[in-house]
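Below: one structure, written as structure tokens.
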Amino acid sequence: MSELNNQQDGSSSSTGNESNNTNNTTQSPSLLIMNDEGFSIEHVNENLEKNKDATLTIRLIRSFEYRNIKPMILHHINIYKMTGNELLELILNKINTESNFNNHKNRNYNTLKLYHSAHSFKSQNLVINLQDDDHLILNLNKSLVENNVKNEAEISCFILEEYLNFKKNPQIKW
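With this note's numbering, letter number 6 in the sequence shown gets 1481, and the count goes up by one each step, no holes.
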């Protein structure tokens, strides 16, 4: 990487192990970004620690059989402090106060399950991930980070009894 930086400056180097590196890189994970002045290194860990906000997509599942899902986007969620109960309370409050969720007002949502994390695989099932209930259903008393929720995660919100019935017989109706 030092050779790349030296080429940008117009100078050349015969060895790649110079102690005179102008970028003062550390061993933490970093990103090489092209800007107007050439390449610069952004330290990923520093940026993540400064920004504890997360954007979450909540998938309100009204019907498993008919694939009736309404997305809800939540911005500026502190996943380090917010618990599963607080997130569920926020979701229910948003359902009851915003008019675009009128079809969901009479539903008693009581369960949250991680559907997808950013930069990870998605389930084959378009409605909900039917595997790993022990790990993916959120413990409502733990923080979101303790439940392995990360920025840009998708979380399914549903009624547990309906999910258990669908899991016994996962038939899709049209």
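Every residue gets a Cβ at the ideal spot worked out from N, C-alpha and C, and that includes glycine.
If we ignore side chains and look at the alpha-carbon of each, how far apart do residue i and residue j end up?
i            : j            : result
residue 1583 : residue 1602 : 18 Å
residue 1649 : residue 1581 : 23 Å
residue 1608 : residue 1589 : 9 Å
residue 1541 : residue 1577 : 18 Å
residue 1624 : residue 1538 : 24 Å
residue 1612 : residue 1585 : 11 Å
residue 1637 : residue 1643 : 10 Å
residue 1556 : residue 1647 : 37 Å
residue 1645 : residue 1552 : 33 Å
residue 1500 : residue 1575 : With a pLDDT of only 42 at residue 1500, under 50, the local geometry of the prediction cannot be trusted, and no value is derived from it.
residue 1527 : residue 1568 : 23 Å
residue 1639 : residue 1630 : 17 Å
residue 1605 : residue 1618 : 23 Å
residue 1563 : residue 1616 : 11 Å
residue 1620 : residue 1554 : 6 Å
residue 1641 : residue 1547 : 22 Å
Helix, strand or coil for residue i per DSSP?
i            : result
residue 1613 : coil
residue 1598 : coil
residue 1619 : coil
Have a look at the DSSP bridge pairing and note the partners of residue i.
i            : result
residue 1641 : According to DSSP, residue 1641 bridges with nothing at all.
residue 1630 : 1533, 1589
Are the Cβ atoms of residue i and residue j separated by less than 8 Å?
i            : j            : result
residue 1533 : residue 1549 : yes
residue 1614 : residue 1622 : yes
residue 1559 : residue 1587 : yes
residue 1566 : residue 1633 : no
residue 1545 : residue 1579 : yes
residue 1598 : residue 1628 : no
Length at least 3, wholly inside the stretch 1523-1611: the beta strand (DSSP E) runs in chain order = 1528-1538, 1543-1553, 1586-1591
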